[in-house]
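One structure is given below, encoded as structure tokens.
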Amino acid sequence: MKTSFSLACVCALVGLVGCKKSAPTSAPSEYFEESYAADEYDYGGDMDDAMVEAEAAPSIAMERSSRARRERGGLFRKADKAVLGSAPPSEPAPEPSVAPADGATKADERPPEVDDARHIIYTAGMRVAVFNVADALATAEGMPERFGGYVQSMSDSAIVLRLPSASLREAMKSLGGYGNVEQKWLRSQDVTAEFTDLQSRLKALTETQTQLLALLDDARTVEEALKVRQALDEVTSELEVLKGRLRQLDNMTTYSTLTLEFYERGPHNPTPSSNDPFPWVDGLGVEDTEWK
Amino acid sequence: MKHLIPALAIALLSSACATHKLEPPAGFAQVDQHNYSTTMIAADHVGLNVKAWDNVKGGTLSFWGEDLVNKLGARGYALQKQSPVKSKNGVAGTRFDFAYTAPDGAEKFYSAVLYTSDDYRVVMQVAGNAELSARYQGQLTDIASSIKIRGCKMGKSLCKSAQPSQLATKAPQGKPKPSAVADAPGEPQEG
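For the record, the sequence lines run as chains A and B.
Residue numbering for the first sequence follows my numbering, beginning at 1 and increasing consecutively.
Residue numbering for the second sequence follows my numbering, beginning at 293 and increasing consecutively.
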């Protein structure tokens, strides 16, 4: 009887101690801050990994792309100039430092119209917490002067830049330095198949156009000439559509779209601190004493 | 008498909930006040802010002082001076004076006075442009001794915590953490 009574007492004591330890000890605001920080960090971590992989791609792809573009026919070079128009020219990508393998040498010996480079459209974005949104926007607005490209659109807290793909990585790194990068993302779309298809069709249609022009010269009757003229018009029209799409694709692959969203960093946007049970100091500092 | 009793009851209740009490010092106007925070501003834009959090077991002055200095140090705050203070009701505190360069390059002074009671940890912060530092450094000692910190319990010791050992912030390095103040233009940091 005595033993069972003692056991019951011990169990009750253990239960009480256990209850007390599990009771929350932090203020509700800290719970919120902790969960907020954890959410942001998990997401950012995944993005970082993705960026490391994706960031390596643009420079390589664009190096190949720019080399291939130089090798392209005169027709496309004219199209390049037409579409880029007033936009500042992109910075030339550096030549690959590694000596080309045998296969690459053979590829270089191919006719210049054969374009085997990858054509990839890069779309990136960043969400950055900064102390001064206006200053950050002004800095971002000046990026095209440094890297080339242009400002596509702008609002009170966001800006969309079109920057040379070869400079995208450097621009993102530079802009990320103006605050805490809460989110960043990069998407790529491989349009090589469409690009190659368009070029093949362009080549075929150009040959057809040349033949039709020769036929037009050889036409003996008005009826023959009219028929050839009609076919020639259709081919010419289709050629213009193809050239337009090629110019569009070239612009999209040469210039990447970078969307930047800035928001004010303050006591309510604490610096995410991983594995910190007391993120209270994130809410302290000079900015916290300022009245807004 | 009819109205006096409820008024007294309300006053007692509201003062019981407050974590601290600080009357606006000379030159400061109170712009915001809650149980866990008070904000005051001087005419020259020097800000005074009191913030409180629930304390935890083992939350001594040394523990929170070290946490505060380490984390502010990681954000680019340079500890200049550390000195003991005592609140109006005798709660032990430590004053930390920092130098800080804002992201726009402006030099700032920043002082944080940390108190710990059994129920709360309270930080009083004063910050402004560095050239105003001399004017407020002396006054801050008086302000720090005029604040009342609530939450002291009979038989417990956190209100009379020992002073933390001499702390220091690390010298700024080439590549600060993302949370650091390396937001200065032209010095990009890893995202």
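Note that the Cβ used here is the ideal one computed from N, Cα and C, for glycine as well.
Here the alpha carbon of Gly283 (chain A) sits roughly 35 angstroms from the alpha carbon of Pro144 (chain A). Within the stretch 364-380 of chain B, those residues whose Cβ lies closer than 8 angstroms to any Cβ of chain A are, in chain order, Leu364, Arg367, Tyr369. For Thr386 (chain B), the three-state secondary structure derived from DSSP is strand. Put simply, the CB of Leu353 (chain B) is far from chain A, with every gap to its CB atoms at 8 angstroms or more. In the assembly as shown, Met332 (chain B) is a buried residue. Its beta-carbon has 16 or more other beta-carbons within 10 Å. Annotation: Ala171 (chain A) is outside any beta strand (DSSP E); the continuous alpha helix (DSSP H) that includes it extends over 168-176.
Taking 8 angstroms as the CB threshold, Phe278 (chain A) lines the interface with chain B.
Membership of Ile435 (chain B) in the alpha helix (DSSP H) is indicated by the continuous run 425-436. Counting C-beta pairs with one atom in each stretch, the stretch 224-240 of chain A and the stretch 164-176 of chain A have fewer than three that are closer than 8 angstroms, which means they do not touch. Judged by DSSP secondary structure, Arg162 (chain A) falls within the beta strand (DSSP E) whose first and last residues are 158-164. Relative to Gln322 (chain B), the option among B:Asn421, B:Val342, B:Gln372, B:Cys309 whose CA is nearest is B:Val342.
Rounded to the nearest whole angstrom, the C-alpha separation of Val361 (chain B) and Tyr407 (chain B) is 14 angstroms. Distance between Ala214 (chain A) and Thr208 (chain A), taken at the CA atoms: about 10 angstroms. With a 10 Å radius around the Cβ and a threshold of 16 neighbouring Cβ atoms, Arg187 (chain A) comes out exposed. Taken in chain order, the complete beta strand (DSSP E) segments of 3 residues or longer contained in the stretch 113-139 of chain A are 120-130.
Residue ranges of uninterrupted beta strand (DSSP E) with 3 or more members, entirely inside the stretch 208-268 of chain A and ordered along the chain, are 255-264. When the beta-carbon positions are compared, Leu249 (chain A) and Leu202 (chain A) stay at least 8 angstroms from each other.
For Gly142 (chain A), the closest of A:Phe131, A:Leu175, A:Asp288, A:Arg118 by C-alpha to C-alpha distance is A:Leu175. One thing to note: Ile439 (chain B) has its Cβ no nearer than 8 angstroms to the Cβ of Ser409 (chain B). In its chain, beyond the 5 residues on either side, Leu242, Arg245, Leu246, Leu249 have a beta carbon closer than 8 angstroms to the beta carbon of Leu198 (chain A). In this structure, the beta-carbon distance from Thr192 (chain A) to Arg118 (chain A) falls below 8 angstroms. Put simply, the CB of Val133 (chain A) is far from chain B, with every gap to its CB atoms at 8 angstroms or more. Following the DSSP letters along the chain, one finds Glu399 (chain B) inside the beta strand (DSSP E) bounded by residues 399-408. Taking one beta carbon from each stretch, the stretch 420-439 of chain B and the stretch 394-407 of chain B have 3 or more pairs nearer than 8 angstroms; the two touch. Looking at the DSSP output, Thr461 (chain B) bridges to nothing. Approximately 22 angstroms separates the beta-carbon atoms of Leu353 (chain B) and Thr289 (chain A); this is outside 8 angstroms, ruling out the contact. Under a criterion of Cβ atoms nearer than 7 angstroms, the residues of chain A adjacent to Asp359 (chain B) are, in order, Phe278, Val281. Shown here for Leu239 (chain A): same chain residues with a beta carbon closer than 6 angstroms to its own, the five before and five after excluded, namely Leu205 in chain order. One thing to note: Val151 (chain A) has its Cβ no nearer than 8 angstroms to the Cβ of Phe262 (chain A). By the Cβ-count criterion, Gln230 (chain A) is exposed, with fewer than 16 other Cβ atoms from all chains shown falling within 10 Å of its own Cβ.
Around Val418 (chain B), the beta-carbon contacts reaching into chain A at under 8 angstroms are Thr289. Contact between Gly365 (chain B) and Thr393 (chain B) does not hold, since their C-beta atoms are separated by about 14 angstroms, which reaches or exceeds 8 angstroms. Of all residues in the stretch 391-402 of chain B, only Tyr392, Ala394, Pro395, Asp396, Lys400, Tyr402 place a beta-carbon less than 8 angstroms from a beta-carbon of chain A.
As the crow flies, the alpha-carbon of Asp135 (chain A) is around 13 angstroms from that of Val128 (chain A). A check of alpha carbon separations from Glu423 (chain B) across B:Ala318, B:Asp359, B:Phe401 identifies B:Phe401 as the nearest. Ranking A:Leu258, A:Gly285, A:Asp217, A:Pro277 by CA distance to the CA of Arg265 (chain A) puts A:Gly285 first.
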